[in-house]
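Notes follow once the structure below has been shown.
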């Protein structure tokens, strides 16, 4: 098969081999398949751009090479892609019945959008007791300075015994000076205001809706779609407030995550239910009841660190663990 050598910019190039390693010298000279070659066949997993490439390799007519040093063989026990698909529980019984497994095969290329999170913090007299304010600021600072990916954008809003307001607009985390701002902008409680959790979340939602720096097209005309609101509060929320917020968050396709700290003395389930309806999760941070005050403080701080990281990053490609990223099928 004719495969001219070209750079990623389309220029012709000459490939050189390192005599010491036997590997190509340089990483910007690649073999590019010629689309005009109609008699060339390959697996649809390899060269989908060629006109005659429209089949998976299998064990019969389109023979799979189980001796090739490929990731397919290494990860799938030397089985072909078609064998893996046809033996899956979704298709196995249909295959035994002799039914056609699939119609026309379509590939959907999906790329994760950069992370956008607005953190909404409740500021109250209770949150200022027992070093709680310091714990929250340290957790917020650690998340912004250490955990947040470089292409992520974070914002901060506050409510409670302060005026409900945006403290930091959505900002690209591209420098240490920018990252350090979030922890510094958490206000102290006052006596003039008593703003509600609904006002705080509404400020965050408005921030996402007015975002004009999206690197991708808006979804259904909503700039907020795909954004995340991380709420740190006592967990109190009236049923009617939860109902109104659910309608606006779901319509805007925004996920609400919740850290409950410090927890209210008489918590109600409305906030937890709201979070679940938006596809989010709730993390209740419990203050350690131990005799050693220092030990209890360390445990609480560590749990706050984990809550921030887990609710925002766990399970996505930004997470550096081996968790999988689940990508659903496109909507009809």
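Residue numbers (the working numbering): 195 to 526. Note that beta-carbon positions come from the ideal geometry of N, C-alpha and C, so glycine has one too.
Next item on the list: Rounded to whole angstroms, what's the CA-CA distance from residue 198 to residue 401? Just pull it up for me.
Entry: The sequence position of residue 198 within the chain shown is 4, counting from 1. The sequence position of residue 401 within the chain shown is 207, counting from 1. Taking the straight line joining both Cα atoms gives about 49 Å.
Margin query: One question on the structure: do residue 317 and residue 390 come within less than 9 Å of each other, judged by their Cβ atoms?
Written below: What you label residue 317 is simply residue 123 of the chain shown in a count that begins at 1. What you label residue 390 is simply residue 196 of the chain shown in a count that begins at 1. Their beta carbons are not under 9 Å apart, which means residue 317 does not touch residue 390 by this criterion.
Next item on the list: Name the two residues that bound the continuous alpha helix (DSSP H) containing residue 332.
Entry: Working through the chain shown from its first residue, we reach residue 332 at position 138. It spans 326 to 336 - the alpha helix (DSSP H) in which residue 332 sits, taken as one unbroken run.
Next item on the list: Report yes or no: do three or more beta-carbon pairs, one from the stretch 373 to 380 and one from the stretch 348 to 364, lie closer than 8 Å?
Entry: yes
Margin query: Counting C-beta neighbours from all protein chains within 10 Å, is the total for residue 456 16 or more, i.e. buried, or is it exposed?
Written below: Residue 456 sits at position 262 when you count from the first residue of the chain shown. Counting Cβ neighbours within 10 Å, residue 456 comes out buried, since at least 16 surround it.
Checklist line | The beta strand (DSSP E) enclosing residue 316, as first and last residue numbers | finding: As a position in the chain shown, residue 316 is number 122, starting the count at 1. It spans 310 to 317 - the beta strand (DSSP E) in which residue 316 sits, taken as one unbroken run.
Item checked: residue 405 versus 369, 431, 443 and 363, residue with shortest Cα-Cα distance -> Walking along the chain shown from the start, residue 405 turns up at place 211. For residue 405, the nearest C-alpha among the options comes from 363.
Next item on the list: Note down, in chain order, each residue of its chain lying with its Cβ closer than 6 Å to the Cβ of residue 313, except the 5 sequence neighbours on either side.
Entry: In the chain shown, residue 313 corresponds to position 119, counting from 1. 350 and 424.
Check: My guess is that residue 608 and residue 454 are in contact by the Cβ rule of under 8 Å, so how many angstroms apart are they, rounded?
Finding: Absent from the structure is residue 608, since the part of the chain shown begins at 195 and ends at 526.
Notebook entry, point to check: residue 467 to residue 310, Cα distance in whole Å?
Noted result: In the chain shown, the residue the question calls residue 467 occupies position 273. In the chain shown, the residue the question calls residue 310 occupies position 116. Each residue's alpha carbon lies about 23 Å from the other.
Item checked: Extent of the continuous beta strand (DSSP E) run through residue 424 -> Taking the first residue of the chain shown as position 1, residue 424 is located at position 230. Here the beta strand (DSSP E) through residue 424 covers 422 to 427.
Note to self: Does the CB of residue 439 have a neighbour CB from chain D at under 9 Å?
What the structure shows: In the structure shown, chain D does not exist; there is a single protein chain.
Next item on the list: Tell me whether residue 361 sits in a helix, a strand or coil according to DSSP, three-state version.
Entry: Residue numbering aside, residue 361 sits at position 167 when the chain shown is read from its first letter. Correct three-state label for residue 361: strand.
Check: Does DSSP put residue 380 in a helix, a strand or coil?
Finding: By one-based count along the chain shown, residue 380 stands at place 186. Three-state DSSP puts residue 380 in coil, outside helix and strand.
Checklist line | Chain-order list of residues whose beta-carbon lies under 7 Å from that of residue 514 (same chain, five-residue window excluded) | finding: Position 320 of the chain shown, counted from the start, is the residue given in the question as residue 514. Residue confidence for residue 514 is low, a pLDDT of 48 falling below 50, so the modelled location carries little weight; the figure read from the coordinates is stated next. No residues qualify anywhere along the chain.
Margin query: Can you tell me whether residue 203 is buried or exposed? The criterion is at least 16 other CB atoms within 10 Å of its CB, across all chains shown.
Written below: Taking the first residue of the chain shown as 1, we reach residue 203 at position 9. Exposure of residue 203 is indicated by the presence of fewer than 16 other C-beta atoms within 10 angstroms of its C-beta.
Checklist line | Where the alpha helix (DSSP H) through residue 452 begins and ends | finding: Position 258 of the chain shown, counted from the start, is the residue given in the question as residue 452. For residue 452, there is no enclosing alpha helix (DSSP H); the residue is part of the beta strand (DSSP E) that begins and ends at 449 to 454.
Next item on the list: Could you tell me how far apart the beta carbons of residue 447 and residue 506 are, in whole angstroms, since I believe they sit closer than 8 Å?
Entry: Indexing the chain shown from 1 puts residue 447 at position 253. Indexing the chain shown from 1 puts residue 506 at position 312. Not a contact, Cβ separation roughly 17 Å.
Next item on the list: Grab me the residues of residue 260's own chain with a C-beta within less than 7 Å of its C-beta, minus the 5 sequence neighbours each way, in chain order.
Entry: Counting from 1 along the chain shown, the entry for residue 260 is found at position 66. Once the five neighbours on either side are set aside, the close Cβ partners of residue 260 are 267 and 272.
Margin query: Less than 9 Å between the beta carbons of residue 426 and residue 330, yes or no?
Written below: Position 232 of the chain shown, counting from 1, holds the residue named residue 426. Position 136 of the chain shown, counting from 1, holds the residue named residue 330. Yes, the Cβ-Cβ distance between residue 426 and residue 330 is below 9 Å.
Notebook entry, point to check: Can you tell me whether residue 497 is buried or exposed, with buried defined as 16 or more other CB within 10 angstroms of its CB?
Noted result: The residue labelled residue 497 in the question sits at position 303 within the chain shown. Buried, because 16 or more other Cβ atoms sit within 10 Å of the Cβ of residue 497.
Note to self: What does the alpha-carbon distance come out to for the pair residue 508 and residue 283?
What the structure shows: Along the chain shown, read from residue 1 onward, the residue named residue 508 stands at position 314. Along the chain shown, read from residue 1 onward, the residue named residue 283 stands at position 89. Distance between the alpha carbons of residue 508 and residue 283 is about 28 Å.
Note to self: In whole angstroms, give me the CA-to-CA distance for residue 348 and residue 236.
What the structure shows: Locating residue 348 in the chain shown gives position 154, where the first residue counts as 1. Locating residue 236 in the chain shown gives position 42, where the first residue counts as 1. Cα to Cα, the separation comes out at about 45 Å.
Next item on the list: Over the uninterrupted alpha helix (DSSP H) stretch that includes residue 464, give me the two end residues.
Entry: By 1-based counting over the chain shown, the position of residue 464 is 270. 464 to 471 is the extent of the alpha helix (DSSP H) around residue 464.
Notebook entry, point to check: Looking at C-alpha atoms only, which residue of 211, 214, 373 and 223 is the closest neighbour of residue 137?
Noted result: Outside the displayed span of the chain (195 to 526) sits residue 137, for which this structure offers no information.
Next item on the list: Measure the Cβ-Cβ separation of residue 392 and residue 334 and say whether it is below 9 Å.
Entry: Residue numbering aside, residue 392 sits at position 198 when the chain shown is read from its first letter. Residue numbering aside, residue 334 sits at position 140 when the chain shown is read from its first letter. Not a contact, by the Cβ cut-off of 9 Å.
Note to self: Quick check: what's the CA-CA separation for residue 398 versus residue 325?
What the structure shows: Counting from 1 along the chain shown, the entry for residue 398 is found at position 204. Counting from 1 along the chain shown, the entry for residue 325 is found at position 131. Spanning the two alpha carbons is a distance of roughly 26 Å.
Item checked: Straight-line Cα distance separating residue 201 from residue 441 -> Your numbering for residue 441 matches position 247 in the chain shown. Your numbering for residue 201 matches position 7 in the chain shown. Taking C-alpha positions only, residue 441 is separated from residue 201 by approximately 50 Å.
Checklist line | 6 Å CB neighbourhood of residue 250 in its chain, flanking five on each side removed | finding: Start at 1 with the first residue of the chain shown, and residue 250 comes out as number 56. The residues are 238, 275 and 276.
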